[in-house]
Amino acid sequence: MQTSHRSPPAGRMTRSLLSVFICSAIASPLAYAAAPATTEPDSTTSPKGEDTLTVTAVADDFKAGGNTPVPAYLDGGVANGGRLGILGEQDAKNVPFNVISFTDKLIQDQQARSLADVLSNDASVQSGYGYGNFSEAFMIRGFALNGDDISYGGMYGVLPRQVVATNFADRVELFKGSNAFINGVSPSGSGVGGAINVEPKHAPSTPLTRVTMDYTSSSQIGTGIDVGRRFGDNDQWGVRVNALHREGDAAVDDEYRRTTLGSVGLDYRGDRFRSSLDLGYQKQVVGNGRPPVYVSPTLTKIPDAPSATLNYAQPWSNTHTENEFGMLKGEYDLTDHWTAYAGLGASHAHETGDYASPTITDVNGNGTVGRLSVPYFADRISTMAGLRGDFDTGFVSHKVNVGFSSVYVKTRTSYTMPKTADRGPFSLYDPQPINYPPTSFTGGHMDDPKVRNRSRSSGIAVSDTLGVLDDKVLLTLGARRQEVLTRGYTYEGVQSAAFDDTKVTPAYGLLVKPWEHVSLYANHIEALQPSDPAPSTAVNTGEVFPAITSKQNEVGAKFDFGTLGGSLALFEIKKPAAYTNSVTREYGLYGMQRNRGVELSVFGEPMYGVRLLGSAMWLKPELTDTNGGLNGGNDAIGVPNYQVVLGGEWDVPRVQNVTLTGKVIRTGSQYLNEANTQKLDAWTRLDLGVRYAMPMQEHTLTWRANLENVTNENYWASATGGYLTQGTPRQFKLSATYDF
Numbered sequence: 001m002q003t004s005h006r007s008p009p010a011g012r013m014t015r016s017l018l019s020v021f022i023c024s025a026i027a028s029p030l031a032y033a034a035a036p037a038t039t040e041p042d043s044t045t046s047p048k049g050e051d052t053l054t055v056t057a058v059a060d061d062f063k064a065g066g067n068t069p070v071p072a073y074l075d076g077g078v079a080n081g082g083r084l085g086i087l088g089e090q091d092a093k094n095v096p097f098n099v100i101s102f103t104d105k106l107i108q109d110q111q112a113r114s115l116a117d118v119l120s121n122d123a124s125v126q127s128g129y130g131y132g133n134f135s136e137a138f139m140i141r142g143f144a145l146n147g148d149d150i151s152y153g154g155m156y157g158v159l160p161r162q163v164v165a166t167n168f169a170d171r172v173e174l175f176k177g178s179n180a181f182i183n184g185v186s187p188s189g190s191g192v193g194g195a196i197n198v199e200p201k202h203a204p205s206t207p208l209t210r211v212t213m214d215y216t217s218s219s220q221i222g223t224g225i226d227v228g229r230r231f232g233d234n235d236q237w238g239v240r241v242n243a244l245h246r247e248g249d250a251a252v253d254d255e256y257r258r259t260t261l262g263s264v265g266l267d268y269r270g271d272r273f274r275s276s277l278d279l280g281y282q283k284q285v286v287g288n289g290r291p292p293v294y295v296s297p298t299l300t301k302i303p304d305a306p307s308a309t310l311n312y313a314q315p316w317s318n319t320h321t322e323n324e325f326g327m328l329k330g331e332y333d334l335t336d337h338w339t340a341y342a343g344l345g346a347s348h349a350h351e352t353g354d355y356a357s358p359t360i361t362d363v364n365g366n367g368t369v370g371r372l373s374v375p376y377f378a379d380r381i382s383t384m385a386g387l388r389g390d391f392d393t394g395f396v397s398h399k400v401n402v403g404f405s406s407v408y409v410k411t412r413t414s415y416t417m418p419k420t421a422d423r424g425p426f427s428l429y430d431p432q433p434i435n436y437p438p439t440s441f442t443g444g445h446m447d448d449p450k451v452r453n454r455s456r457s458s459g460i461a462v463s464d465t466l467g468v469l470d471d472k473v474l475l476t477l478g479a480r481r482q483e484v485l486t487r488g489y490t491y492e493g494v495q496s497a498a499f500d501d502t503k504v505t506p507a508y509g510l511l512v513k514p515w516e517h518v519s520l521y522a523n524h525i526e527a528l529q530p531s532d533p534a535p536s537t538a539v540n541t542g543e544v545f546p547a548i549t550s551k552q553n554e555v556g557a558k559f560d561f562g563t564l565g566g567s568l569a570l571f572e573i574k575k576p577a578a579y580t581n582s583v584t585r586e587y588g589l590y591g592m593q594r595n596r597g598v599e600l601s602v603f604g605e606p607m608y609g610v611r612l613l614g615s616a617m618w619l620k621p622e623l624t625d626t627n628g629g630l631n632g633g634n635d636a637i638g639v640p641n642y643q644v645v646l647g648g649e650w651d652v653p654r655v656q657n658v659t660l661t662g663k664v665i666r667t668g669s670q671y672l673n674e675a676n677t678q679k680l681d682a683w684t685r686l687d688l689g690v691r692y693a694m695p696m697q698e699h700t701l702t703w704r705a706n707l708e709n710v711t712n713e714n715y716w717a718s719a720t721g722g723y724l725t726q727g728t729p730r731q732f733k734l735s736a737t738y739d740f
């Protein structure tokens, strides 16, 4: 299908924030050109033949519970730990929870463009599109995590909500499991099975000036800069500037994408006082983007996915997102054992889109397609404050945390759409353009949307980690008193719904180190979500229910033998589900989704020049206590019963500075409906790559070439959300990065 994409009007260019980015990006290298232009020691080629990139956090900087990230494992693509909300940055082998981080090195070496690219390295995570748009949506341990609920430096409500470019990330940290005590309630209430946190970039210890040019098939070209400097007698002041522009046609036929972004990270590292200010801007455009696909509930067989490159979008479909955000944090050491901290974050989002997601009505891929046009505005404010310290009582050590966090969200939106009769014909295998459907239904004012939702989630948490036998036995006890308040409004701005509830969510975990390299652990932790009122079809219409509490129990083992680390976990998560009883017609929290799973992960360098990063998850996502027993025992929607990811690197012997890379992803079957009559087949994806760190006098030019989906498989990658997301086609990425 030959279609044209139209680029949206540019609108006003960024506001003052972008000017700051551009000026800073230009001024920084010029102002300090007189400074030694040496790269950091880690940027030179290593005996292994791989280019080792900047590692901001070094072992001497890391202190458990603080803001400094856990050191990268063998200076590689993984860190064995990450941020645990109120508990701060923690080494995984010292906490009774499951956390892993992916470093800037992995992001660059794999040329990961988005968080979904990064998190494809972990089998506990699946990704797909958000509802009706091109946002990234995730499943962790079989439960949804929305893009709204990804934190930045441990704070909700700061990052862009649809797609987060990786240029902002020094680390992408993955917490596996329920986390209300750790993080509080997320802005949209998702994240029952896990959480994602992005750590901002700050200036490394040595000067950094990095320029990257990249190409992505079929014609996307990008240019980015990354500049970092430290100043002062003790290098206590730091500045980090990032900027990127990338645009062109994607690997999917006639799909156009454009990304413009910039960020500035300022930080101060004093003897007792530390602070940081992070500002960011991101603008993304998608024209003629291949949409998710809906399937009629009457079908018992899902049509096969079409050609991997085929685009069944409408030529007038598009989306534009623009985000400004910032975060200010500080901490002060009151004594050698007590630290007070606080933070403030805010963001503004402006999104518009004409969406055209088709609905398939027969096994031959025929159906209809309509239109949904939506402007969306969101303003979010996040705060945090707390106190952490350590002391001993006899032979028992204590690490204590007391913290407060809150996030406020206000959204404004409206919509237009055609009537059913104006939906056009659709063919999955031979798509044809239709005229822009006329508007028949309108909600709100497209030029001036009214407030549709206000929400505030705030909580106070306390914890104590007690250690005995030289901290070989650690018991973590904690609780959070959480308040969730939401107000819903009609499209005319009149309040129509309200929810206000307060709950205490406990957490406790035990970690034992029976041997030097092994830790055993167990935990109980919960998730909290606001509930919906009873619908108008129920006899108790309008009844408001308490916040939904999901409960997780987990046991596991972690190991670290110096060059090889990993973990094994067994978990169960129970999440209540609401429905209207078919006999009594009463609505309530009667049902349950119970996910039982096993996770295995391994990372490190078992042989000189051979690095591994692999994981696997086996999961039974079972529906229990269903309405009249209907669908009881079936699998939940969009949750594969297993996923395996195996990645590796090999430094080619006798060929200096050349590294071959590869990754295989195998995802099991999953269902599109609760009746389990619509099934997605299992699929496999193969990625290959090569990296060459080419010495250029005293500097390094690093070439990276990656080929994703080598065999160009056509497959349905996800049924997350109850709709189909097709896997990306074969995609070639090439980049050249010069450090000077």
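For the sequence shown, this note's numbering assigns the number 1 to the initial residue and increments by one for each residue that follows.
For each residue, glycine too, the CB sits at the ideal point set by N, CA and C.
Since the structure is predicted, the reported quantities are computational estimates derived from the model, not experimental observations.
**Message:** What does the alpha-carbon distance come out to for the pair serine 718 and glycine 566?
**Reply:** 27 Å
**Asked** Can the beta-carbon of serine 669 be found closer than 8 Å to that of leucine 680?
**Response** yes
**Asked** With which residues is asparagine 197 paired in a DSSP beta bridge?
**Response** Ser151 and Glu173
**Asked** aspartate 278: buried (16+ other C-beta within 10 angstroms of its C-beta) or exposed?
**Response** buried
**Asked** Tell me which same chain residues have a C-beta within less than 6 Å of the C-beta of valine 484, skipping the five on either side of it?
**Response** Val185, Ser457, Asp501, Pro530 and Ala547
**Request:** Give the secondary structure of methionine 13 by DSSP, where H, G and I count as helix, E and B as strand, and everything else as coil.
**Result:** Any reading at methionine 13 must be qualified, since the residue scores a pLDDT of 35, below 50, and its modelled position is unreliable; no value is offered.
**Asked** What are the complete beta strand (DSSP E) segments, minimum 3 residues, inside the stretch 602-649?
**Response** 610-624
**Request:** Would you mind giving the Cβ-Cβ distance between serine 463 and glycine 478, rounded to the nearest angstrom? I have them listed as a contact below 8 Å.
**Result:** 3 Å
**Request:** Return the first residue and the last residue of the beta strand (DSSP E) that alanine 180 is part of.
**Result:** It is not in any beta strand (DSSP E) - alanine 180 instead sits in the alpha helix (DSSP H) that spans 180-183.
**Message:** Which residues does DSSP list as the beta-bridge partners of tyrosine 73?
**Reply:** In the DSSP output, where bridge partners are listed per residue, tyrosine 73 has none listed.
**Request:** Measuring alpha carbon to alpha carbon, tell me which of Ala346, Ser496 and Asn94 ends up nearest valine 473.
**Result:** Asn94
**Asked** Span of the alpha helix (DSSP H) holding alanine 116?
**Response** 115-119
**Prompt:** So, helix, strand or coil for glycine 228, using DSSP?
**Reply:** strand
**Request:** Can you tell me which of the three DSSP states asparagine 242 falls into?
**Result:** strand
**Item:** In DSSP terms, what lysine 733 is bridged to
**Value:** Thr216 and Asn706
**Prompt:** phenylalanine 377 by DSSP, collapsed to three states: which one?
**Reply:** strand
**Close beta carbons around serine 276, own chain, < 6 Å, minus the five adjacent residues each side** = Asp267 and Lys329
**Item:** Own chain partners of threonine 216 with C-beta closer than 6 Å, once the 5 adjacent residues on each side are dropped
**Value:** Lys733
**Request:** Would you give the residue range spanned by the alpha helix (DSSP H) that glutamine 162 belongs to?
**Result:** Element bounds for glutamine 162: n/a, residue is neither H nor E.
**Asked** When the Cα of arginine 230 is compared with those of Val610, Arg240, Ile221 and Thr677, which residue comes out closest?
**Response** Arg240
**Item:** Helix, strand or coil at glutamine 756 [DSSP, three-state]
**Value:** Absent from the model: residue 756. The displayed extent of the chain is 1 to 740, so no value can be given.
**Request:** Using only alpha-carbon positions, find the residue among Ala385, Val555, Tyr355 and His337 that is nearest to glycine 343.
**Result:** Ala385
**Message:** Assuming asparagine 366 is part of the beta strand (DSSP E), what are its boundary residues?
**Reply:** 366-369
**Item:** Candidates Thr624, Gly604 and Pro438: closest to valine 78 by CA position
**Value:** Gly604
**Asked** Given valine 518, which residues of its chain have a CB within under 6 Å of its CB, disregarding the five upstream and five downstream residues?
**Response** Phe559
**Request:** List in chain order: all unbroken beta strand (DSSP E) runs of 3+ residues lying wholly within the stretch 429-476.
**Result:** 441-443 and 451-468
**Continuous beta strand (DSSP E) stretch holding lysine 399: start and end** = 396-413
**Item:** Three-state secondary structure (DSSP) of asparagine 742
**Value:** With the chain covering 1 to 740 only, the question about residue 742 has no answer from this structure.
**Prompt:** In the structure shown, what three-state DSSP assignment does alanine 203 receive?
**Reply:** coil
**Item:** Cβ pair count under 8 Å reaching 3, the stretch 701-720 against the stretch 115-133
**Value:** yes
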